[in-house]
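Data block below; observations after.
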Amino acid sequence: VVGNASDEARLRRLDAATGAVDSGFGHEVVVSAAGLEVEEVVLAANADDFDNRIYYAALFDDDSVQWFYDVASDGATFVDGGFPAVSNAGYSLDMAFIGNRTCQHFLALAYSGSDGAIHVWTHGEAEWEEFVVDSGLGSYRTTSIDAYGSTILCAYEYPFLDGTGVRYAVSYTCGDSW
Numbered sequence: 006v007v008g009n010a011s012d013e014a015r016l017r018r019l020d021a022a023t024g025a026v027d028s029g030f031g032h033e034v035v036v037s038a039a040g041l042e043v044e045e046v047v048l049a050a051n052a053d054d055f056d057n058r059i060y061y062a063a064l065f066d067d068d069s070v071q072w073f074y075d076v077a078s079d080g081a082t083f084v085d086g087g088f089p090a091v092s093n094a095g096y097s098l099d100m101a102f103i104g105n106r107t108c109q110h111f112l113a114l115a116y117s118g119s120d121g122a123i124h125v126w127t128h129g130e131a132e133w134e135e136f137v138v139d140s141g142l143g144s145y146r147t148t149s150i151d152a153y154g155s156t157i158l159c160a161y162e163y164p165f166l167d168g169t170g171v172r173y174a175v176s177y178t179c180g181d182s183w
């Protein structure tokens with residue numbers, strides 16, 4: 006981060022039509038976490054649905070996660086969304102919007118835990134729900150999550166005997182079961 010503000014999770018705005026940096030905007034500090042260092046940030050948006058929200062999550066060096074959403078749809082007014090207190094988010098944070106309005110959940114977040122497990126969290130109107138989709142096979146495996154309709158796919162590294170490969174967990178039920 007410019008100015009060595011490693012405790013700040015920031016956002017830069019770009020023009021959707023041209024991709025040019027909004028130089029008049031500068032950057033938005035989504036969260037300033039004194040005493041912690043930001044290790045990873047991810048973004049998701051509901052562009053395929055209501056097209057009025059930006060979702061932002063940050064992973065910190067104490068293996069915690071915080072989640073925010075933009076209430077003004079302009080990338081400038083973020084509110085803490087109240088992610089559950091976790092201390093096992095080790096690596097490879099990713100997030101996806103679930104654009105199916107019939108689903109109870111609308112957001113999915115994944116990370117490789119410091120406990121060696123792959124964690125997927127889904128968020129509905131009221132709360133987050135956790136699923137461990139793979140456990141105990143080593144921390145620091147890269148994860149990726151995305152959604153289409155009611156299907157959510159979480160791909161992640163897997164340590165096979167003859168080398169690292171890729172496995173995936175899938176939910177065909179909006180994240181209700183895996």
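Quick note: the sequence shown uses the numbering used here, first residue 6, plus one each step. Cβ atoms here follow ideal geometry from the backbone N, Cα and C, with glycine treated the same way. As the structure is a computational prediction, the values presented were derived from the model and not from experiment.
Nearest residue (CA-CA) to residue i, options the options
| i | options | result |
| --- | --- | --- |
| F30 | S69, V91, F55 and T82 | T82 |
| D68 | L48, A94 and A90 | A94 |
| S182 | V36, G141, V137 and R172 | V137 |
| E45 | D120, V84, L98 and F102 | L98 |
| V34 | A22, D27, A21 and R15 | R15 |
| R172 | S37, T178 and I150 | I150 |
| E130 | G154, A115, T107 and D120 | T107 |
| Y153 | F102, V70 and Y61 | F102 |
| V76 | A38, P164, A50 and D120 | A50 |
| H32 | D139, R146, Y96 and A10 | A10 |
| E134 | R17, L114, S28 and D120 | L114 |
| Y96 | V43, I157 and R17 | V43 |
| V70 | S155, D54, S119 and T156 | S119 |
| S117 | D66, G143 and F65 | G143 |
Nearest-angstrom Cα separation, counted from residue j out to residue i
| i | j | result |
| --- | --- | --- |
| V186 | L166 | Since the first and last residues shown for the chain are 6 and 183, residue 186 lies out of range. |
| G180 | P89 | 17 Å |
| C159 | D56 | 24 Å |
| L112 | G104 | 9 Å |
| D79 | G86 | 17 Å |
| W126 | R58 | 19 Å |
| A25 | L19 | 5 Å |
| G170 | S176 | 20 Å |
| F73 | V91 | 16 Å |
| Q109 | A63 | 24 Å |
| H124 | D12 | 24 Å |
| G168 | E162 | 10 Å |
| A52 | A22 | 14 Å |
| A39 | M100 | 24 Å |
| L41 | Y61 | 17 Å |
| R17 | V36 | 13 Å |
| D54 | I157 | 16 Å |
| G121 | S140 | 6 Å |
| T147 | A174 | 14 Å |
Cβ of residue i within 8 Å of any chain D Cβ
| i | result |
| --- | --- |
| L41 | In the displayed structure, chain D is absent; only one protein chain is listed. |
Heavy atom of the ligand FMN within 7 Å of residue i beta-carbon
| i | result |
| --- | --- |
| R106 | The model depicted lacks the ligand FMN and carries no ligand whatsoever. |
Output the residue ranges of the alpha helix (DSSP H) runs that lie fully inside the segment 58-109 and measure 4 residues or longer, sorted by chain position. Correct list: empty.
Can you check the segment 107-139 for any alpha helix (DSSP H) of at least 4 residues that lies completely inside it and give the ranges in chain order? Inside the segment 107-139, DSSP marks no whole alpha helix (DSSP H) run of 4 or more residues.
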